[in-house]
Amino acid sequence: MATDPGARAVDAAMDETSLYREEIYTDRRIGTLRVLLPVKSDGSADTARPTVYQGEAQLMTNVGPLPVSFDIEATSLADAVAKYGEATKAGIERAMRELQEMRRQASSSIVLPPAGASLGPGGTLSGGGKIQIP
């Protein structure tokens, strides 16, 4: 049976010391910037924590668009806009490395025959084709 849904609900508490207000900016052409402004639990600005800038882009693949998110080291919105291009390039390169690693892992996975199987005539597994219930 699936895991108990009640057990997952217990872990769904938000951390009131890590709250952010999100603002979204786009040029409607190239990409999107998310600005995460730290706030206290009452909604007031939390000046003790830094503002976080995140970029978003899409990488077109043969199976459709792949969303790519990346952090931008910036001190202001203008600085994040200026650094968007370089951060996008680094984010796409990271995504491509991750895709290549996933492909490598998928191609190198070893398929094992079921326990007790042996090669029969013609190099085929004998005893196959039967439904087995554990």
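If you count by my numbering, then the sequence shown holds residues 28 to 161, one letter each, in order.
Backbone N, C-alpha and C define an ideal beta-carbon position, used for all residues, glycine too.
### Message
Could you check whether the Cβ of Thr-44 sits closer than 7 Å to any Cβ belonging to chain D?
### Response
Structure shown: chain D not included; a single protein chain is present.
### Task
Can you give me the Cβ contacts of Asp-98 inside the same chain, cut-off strictly under 6 Å, excluding the 5 residues immediately before and after it?
Looking up residue 98 in the sequence shown gives position 71. Same-chain partners within the cutoff: Gln-81.
#### Entry: Alpha-carbon to alpha-carbon, Ser-136 and Glu-83
Here residue 83 refers to the residue found at position 56 of the sequence shown. Here residue 136 refers to the residue found at position 109 of the sequence shown. The alpha-carbon separation between Glu-83 and Ser-136 amounts to approximately 32 Å.
### Task
Determine the burial state of Leu-126: buried for a count of at least 16 other Cβ atoms within 10 Å of its Cβ, exposed for fewer.
Residue numbering aside, residue 126 sits at position 99 when the sequence shown is read from its first letter. Classification for Leu-126: exposed.
### Message
DSSP has Glu-120 in a bridge; who is on the other side?
### Response
Position 93 of the sequence shown, counting from 1, holds the residue named residue 120. In the DSSP assignment, Glu-120 forms no beta bridge with any residue.
### Three-state class that DSSP yields for Thr-115 in the structure shown
Taking the sequence shown and counting its residues from 1, the one referred to as residue 115 is at position 88. DSSP places Thr-115 in helix when its eight states are reduced to three.
#### Entry: Residues near Leu-104 in its chain [Cβ-Cβ closer than 8 Å; skip 5 each side]
Here residue 104 refers to the residue found at position 77 of the sequence shown. Tyr-52, Leu-60, Val-62 and Tyr-80.
### Task
For Arg-55, name the three-state secondary structure that DSSP assigns.
As a working note, residue 55 is residue 28 in the sequence shown. Three-state result, Arg-55: coil.
### Query
Do you know whose CA, among Arg-76, Ser-134 and Ser-96, lies nearest Thr-102's CA?
Sequence index remark: in the sequence shown, residue 102 carries index 75 (1-based). It is Arg-76.
### Query
So who's on the other strand from Thr-88, going by DSSP bridges?
Within the sequence shown, the letter at position 61 stands for residue 88. Answer by DSSP bridge pairing, in chain order: Gly-91.
### Query
Using CA coordinates, which residue listed in Leu-64, Ala-39, Gln-132 and Arg-124 is at the minimum distance from Leu-46?
Residue mapping note: residue 46 aligns to position 19 of the sequence shown, counting from 1. Considering only alpha carbons, the answer is Leu-64.
### Query
Which class does Ala-72 belong to by DSSP, given the choice of helix, strand or coil?
Locating residue 72 in the sequence shown gives position 45, where the first residue counts as 1. DSSP places Ala-72 in the strand class (E or B) of the three-state scheme.
### Message
Considering only their Cβ atoms, is the gap separating Ala-122 from Val-95 smaller than 7 Å?
### Response
Counting from one through the sequence shown, the residue named residue 95 turns up at place 68. Counting from one through the sequence shown, the residue named residue 122 turns up at place 95. Yes, the pair counts as a contact, with Cβ atoms nearer than the cut-off.
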